[in-house]
Amino acid sequence: MAASPRRVTVTTRGAVVLVLAPASALAGVLAGAEELVLLAILLGCLMATGLLQSASRAQVARGRWRMATRLPASDIAVGGELRGVITLTTTSGDRAASVPTWLEDPEACWGRVARAAAPSPAAQLPRPNPSLALRVPPATPPSPADGAGTATLDIPLTAPTEHRGVFALRPVRHWCFDTFGFFAQLVGTSPTATITVYPVPAQVAVAEEALLGNLGNEDAEHLAPSAPKRRNDLGDFAGLRPYVPGDRLRLLYWPALARTGDLMVRDFEDEGPRRVYLVADVRALLGERGAERVLAAAAGVGRQVLVHGSVVELSTLTGDRTAIGPGPHGDLALLRALAAIEVTPVPVTLGWRRWWPGSARTQAPAPTGHLLAPMAGTPLVVTTADGALSLPGALRRAHLVMAP
Numbered sequence: 002m003a004a005s006p007r008r009v010t011v012t013t014r015g016a017v018v019l020v021l022a023p024a025s026a027l028a029g030v031l032a033g034a035e036e037l038v039l040l041a042i043l044l045g046c047l048m049a050t051g052l053l054q055s056a057s058r059a060q061v062a063r064g065r066w067r068m069a070t071r072l073p074a075s076d077i078a079v080g081g082e083l084r085g086v087i088t089l090t091t092t093s094g095d096r097a098a099s100v101p102t103w104l105e106d107p108e109a110c111w112g113r114v115a116r117a118a119a120p121s122p123a124a125q126l127p128r129p130n131p132s133l134a135l136r137v138p139p140a141t142p143p144s145p146a147d148g149a150g151t152a153t154l155d156i157p158l159t160a161p162t163e164h165r166g167v168f169a170l171r172p173v174r175h176w177c178f179d180t181f182g183f184f185a186q187l188v189g190t191s192p193t194a195t196i197t198v199y200p201v202p203a204q205v206a207v208a209e210e211a212l213l214g215n216l217g218n219e220d221a222e223h224l225a226p227s228a229p230k231r232r233n234d235l236g237d238f239a240g241l242r243p244y245v246p247g248d249r250l251r252l253l254y255w256p257a258l259a260r261t262g263d264l265m266v267r268d269f270e271d272e273g274p275r276r277v278y279l280v281a282d283v284r285a286l287l288g289e290r291g292a293e294r295v296l297a298a299a300a301g302v303g304r305q306v307l308v309h310g311s312v313v314e315l316s317t318l319t320g321d322r323t324a325i326g327p328g329p330h331g332d333l334a335l336l337r338a339l340a341a342i343e344v345t346p347v348p349v350t351l352g353w354r355r356w357w358p359g360s361a362r363t364q365a366p367a368p369t370g371h372l373l374a375p376m377a378g379t380p381l382v383v384t385t386a387d388g389a390l391s392l393p394g395a396l397r398r399a400h401l402v403m404a405p
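Residue numbers (the numbering used here): 2 to 405.
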């Protein structure tokens with residue numbers, strides 16, 4: 002990818018010299034020290050020479066290099082190894098191959114993708130530093146007998162896979178520096194890349210009826226009841242059940258009212274896919290390690306649900322919610338959804354603030370009304386032993402799955 006011409010950029014070293022030169026001149030004039038004034042003049046000459054040299058090099062190299070980013074995969078488990086390359090290509094007969102250039106360290110260009118609004122990328126770019134940049138080896142063109150061709154260089158690229166999350170590689174910048182490293186001219190930038198680092202699914206034993214979504218009436222009564230979704234086509238007759246507000250009146254079974262005094266409706270088997278509500282407890286009080294264990298266990302449980310042909314309604318106590326259906330890409334969709342969940346770290350509180358009047362000593366419970374209201378059955382709540390003690394009342398009576 003070629004870069005459009007830009008103004009000159011002062012490096013970290015150049016910024017120091019820009020401050021040091023006038024300060025040295027001012028100190029020399031005030032103190033009457035000619036050495037300091039001469040030092041300021043020398044630094045000024047070096048800065049002017051570096052500016053002209055970097056501009057000359059950039060004029061030759063800019064627009065004649067092409068960059069490409071190649072990764073073997075975009076999804077990988079935590080702890081896996083994912084290595085790619087950044088390819089730089091130039092025309093063999095060009096003078097650009099002989100101009101010294103530097104590439105920004107690709108390892109420092111990875112960043113976690115967050116849902117929160119971020120400042121503009123230009124405001125976050127660090128100042129170029131020749132000491133931290135990688136010197137691009139000169140491309141050796143083929144002999145004249147081979148005719149015109151291209152010279153290609155591959156720079157190793159290692160993706161961060163130590164932690165779970167979604168990571169993006171911002172454009173890696175290709176620079177021309179002067180001999181002194183005071184100024185930098187942009188030659189080109191590489192394309193961006195995104196990888197998903199998902200948790201390694203943990204093996205967790207769960208009752209088969211829970212994986213099918215049929216959790217029984219005894220557990221369902223602890224949660225807010227809701228009527229089944231209205232459909233025009235009814236399945237096979239399954240029996241009678243208590244009336245729930247929202248049921249169609251034409252399904253009422255009046256003889257039961259006359260015998261028992263309770264409203265009963267005729268129930269029909271749902272022909273649609275079963276749904277299992279999977280809730281991952283990733284509250285800050287569990288800590289980062291506890292939340293990561295919960296997500297690994299949720300991945301194992303969710304994959305079992307998909308194998309049984311049920312839809313996974315994945316939720317967290319921090320507000321995330323998504324649905325993943327069974328199919329050839331169901332496992333990957335589940336792992337990607339778990340990788341994108343953000344875990345809020347526990348805020349560090351100074352010792353004197355813990356006992357300061359008015360300071361928060363306990364964490365407010367996470368709201369769960371938005372999770373329980375749409376659920377027609379008891380959810381599977383994946384948590385830790387410590388997290389189970391602080392769950393909201395309704396979720397304590399749900400089907401708990403302890404993360405190993």
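Every residue, glycine too, gets a C-beta built ideally from N, C-alpha and C.
Given Val383 as reference, the closest of Gly320, Met265, Gly303, Leu133 once Cα atoms are compared: With distances taken between CA atoms, Val383 lies nearest to Gly303 out of Gly320, Met265, Gly303, Leu133.
Mind checking Glu314: buried by the 16 CB within 10 Å criterion, or exposed? Classification of Glu314: buried, given that the 10 Å Cβ count is 16 or more.
By the three-class DSSP mapping on this structure, what secondary structure does Gln186 have? Under the three-state reduction of DSSP, Gln186 is assigned to strand.
Measuring CA to CA, which of Gly301, Ile325, Thr317, Ala395 is closest to Ala404? Among Gly301, Ile325, Thr317, Ala395, the Cα nearest to that of Ala404 is on Gly301.
Quick one: residues in its chain with C-beta nearer than 6 Å to the C-beta of Leu1, no 5 flanking neighbours on either side, listed in chain order? In the structure as shown, the chain starts at 2 and stops at 405, and residue 1 therefore has no counterpart that could be examined.
Run the CB neighbour count on Val308, radius 10 Å, all protein chains shown included, and call it buried at 16 or more, exposed below. Exposed: under 16 other Cβ atoms inside 10 Å.
Taking 8 Å as the cut-off, decide whether the C-beta atoms of Trp103 and Leu89 are in contact. No, the pair does not count as a contact, with Cβ atoms beyond the cut-off.
Where Val79 and Glu209 are concerned, what is the direct C-alpha to C-alpha distance, given to the nearest angstrom? The alpha-carbon atoms of Val79 and Glu209 are separated by roughly 28 Å.
Secondary structure of Arg397, DSSP reduced to three states: Taken through DSSP and simplified to helix, strand or coil, Arg397 comes out as helix.
Quick check: Val30 and Val38, are their CB atoms within less than 8 Å of each other? In this structure, the beta-carbon distance from Val30 to Val38 falls below 8 Å.
For the candidate residues Ala281, Glu343, Leu286, Leu27, whose alpha-carbon lies nearest to that of Leu396? Leu396 has its Cα closest to that of Ala281, out of Ala281, Glu343, Leu286, Leu27.
Residues bridged to His175 (per DSSP): Answer by DSSP bridge pairing, in chain order: Leu104, Gly189.
State whether the segment 182 to 196 contacts the segment 160 to 174, with contact taken as three or more CB pairs (one from each stretch) at a distance under 8 Å. Taking 8 Å as the limit for Cβ pairs, the verdict is that the segment 160 to 174 does touch the segment 182 to 196.
Where does Glu314 sit, in a helix, a strand or coil, going by DSSP? Three-state DSSP puts Glu314 in a strand.
Can you look up Leu264 in the DSSP assignment and give me helix, strand or coil? Three-state result, Leu264: coil.
Tell me which residues share the same chain as Arg99 and place their Cβ nearer than 7 Å to its Cβ, disregarding the 5 neighbours each side in the sequence. A quick correction: the sequence has Ser, not Arg, at residue 99. Excluding residues within five positions, the ones whose Cβ falls inside 7 Å are Pro139.
Out of Cys110, Thr13, Asp332, state which residue places its alpha-carbon closest to the alpha-carbon of Ala87. The residue you asked about is not Ala; residue 87 is Ile in the sequence shown. Cα-wise, what sits closest to Ile87 is Cys110.
If distances are taken between C-alpha atoms only, which option among Ser55, Arg58, Val207, Ala285 comes closest to Leu401? Selected option, being the one with the closest Cα: Val207.
Quick check on this structure: which residue in Ile342, Val198, Asp332, Pro131 has the alpha carbon closest to the alpha carbon of Val312? Taking only the C-alpha atoms, the option nearest Val312 is Asp332.
In the DSSP assignment, what are the bridge partners of Phe168? Bridge partners of Phe168: Arg113, Ile196.
Are there three or more Cβ pairs, one per stretch, closer than 8 Å when the segment 151 to 167 is compared with the segment 196 to 205? For the pair of segments examined, the segment 151 to 167 was found to touch the segment 196 to 205: the number of CB pairs separated by less than 8 Å reaches three.
I think Val283 touches Ile342, with their Cβ atoms under 8 Å apart; what is that distance to the nearest whole Å? Yes, Val283 and Ile342 are in contact; Cβ-Cβ is about 6 Å, under 8 Å.
Within 8 Å, strictly: CB atoms of Thr180 and Gln54: Cβ atoms of Thr180 and Gln54: closer than 8 Å.
Helix, strand or coil for Glu289? Go by DSSP, reduced to three states. DSSP places Glu289 in helix when its eight states are reduced to three.
Helix, strand or coil for Arg67 per DSSP? Arg67: strand per DSSP, three-state reduction.
Residues in its own chain within less than 8 Å of Leu258 by CB, not counting five upstream and five downstream? Here the set comprises Leu264, Met265.
Can you tell me whether DSSP reads Leu135 as helix, strand or coil? Assignment of Leu135 by DSSP, reduced to helix, strand and coil, places it in the strand class.
Once DSSP output is grouped into helix, strand and coil, what is the label at Pro243? Reduced to three states, the DSSP call for Pro243 is strand.
Here's the rule: buried if 16 or more other CB atoms are within 10 angstroms of the residue's CB, otherwise exposed. What is Ala34? Counting every other CB atom within 10 Å of its CB across the protein chains shown gives Ala34 a total below 16, marking it as exposed.
Assuming Ala298 contacts Ala389 (C-beta within less than 8 Å), just tell me the rounded distance between them. No, Ala298 and Ala389 are not in contact; Cβ-Cβ is about 13 Å, not under 8 Å.
If Ala185 and Thr10 are in contact, beta carbons under 8 Å, what's the gap, nearest whole angstrom? The C-beta distance from Ala185 to Thr10 rounds to 5 Å, short enough to fall under 8 Å.
Hey, which unbroken runs of the beta strand (DSSP E) at 3 residues or more fall wholly within the segment 20 to 51? The segment 20 to 51 contains no whole beta strand (DSSP E) run of 3 or more residues.
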